[in-house]
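All remarks here apply to the structure that follows.
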Amino acid sequence: MNSADAAASAWGHRRTVPVATSDLEPGRVITTADISFVDRPIAVVPNDVAASPVGRSVTRSIARDEVVLERRLAGGSATGPASQLDENSLAFAIPSDASTPPTRIGDHVALYAPSEVVASSTRTSGPASRIADRAVVIAVSEEAITVGVVIAEASAVAKALLSASVIIALAD
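Per UniProt numbering, the very first residue in the sequence shown carries number 1; after that it's consecutive.
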């Protein structure tokens, strides 16, 4: 038995999976140049490998040599900012002004609103309450920053927007 056969035997069966050929940032539509197909041991392959990633938009960063997963991609039929949302997210346009920090597509932001606007929030601490923890910037214009938030935070964000009181803070 040669060393390649011994290694294959040690890891067991293999599966061909798509792997990023370079770092892929949110908003990028995957092309054939962005991925290669490689054999990986089934034991180390996640369950939600993207079967057909070409033509789909990246919603969460994918590192070079990382297996391309469904949870990091938007559906193939959506276009524009909606293409960057996954099935558990909704988008809101937050009006921007001189106090809005500079953002770019893919940045994570936290959203805050006056505590009296979202009185039922459990994250109240003083005059402002955090209404979204890790919203993802999916579009930027002079008038607004469009962010994707998880569905659980959508009601608080909508309520705050109706009161015209949402503050964006850059998050890590």
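All C-beta atoms in this analysis are idealised placements derived from N, C-alpha and C, irrespective of residue type, glycine included.
Since the structure is predicted, the reported quantities are computational estimates derived from the model, not experimental observations.
Item                                                                                                                                                       : Value
Taking the alpha carbon of SER57 as the point to measure from, which residue in ARG134, ALA33, ILE42, ASP86 has its own alpha carbon closest?              : ASP86
DSSP three-state label for VAL157, please.                                                                                                                 : helix
What are the residues that DSSP puts in a beta bridge with GLY148?                                                                                         : ALA91, VAL136
What number of angstroms, rounded off, separates the C-alpha of PRO114 from the C-alpha of LEU162?                                                         : 12 Å
By the DSSP assignment, the beta strand (DSSP E) with VAL17 in it spans what residues?                                                                     : 14-20
Report yes if the CB atom of GLY106 is closer than 8 Å to the CB atom of SER61, and no otherwise.                                                          : yes
Measuring alpha carbon to alpha carbon, tell me which residue in ILE145, PRO95, ARG15 is nearest VAL38.                                                    : ARG15
Compute the distance between the beta-carbons of PRO81 and ALA33, then report whether it is under 8 Å.                                                     : no
Looking at the structure shown, is LEU73 part of a helix, part of a strand, or coil, going by DSSP?                                                        : strand
What does DSSP give as the partner residue(s) for ALA63 in the beta ladder?                                                                                : Partner(s): none; ALA63 has no beta bridge.
Going along the chain, which residues of its own chain have a beta-carbon closer than 7 Å to the beta-carbon of VAL117, five neighbours each way excluded? : LYS159, ALA160, SER163, SER165
Taking the straight line between their C-alpha atoms, what separation do you get for LEU170 and LEU90?                                                     : 19 Å
ILE42: buried (16+ other C-beta within 10 angstroms of its C-beta) or exposed?                                                                             : exposed
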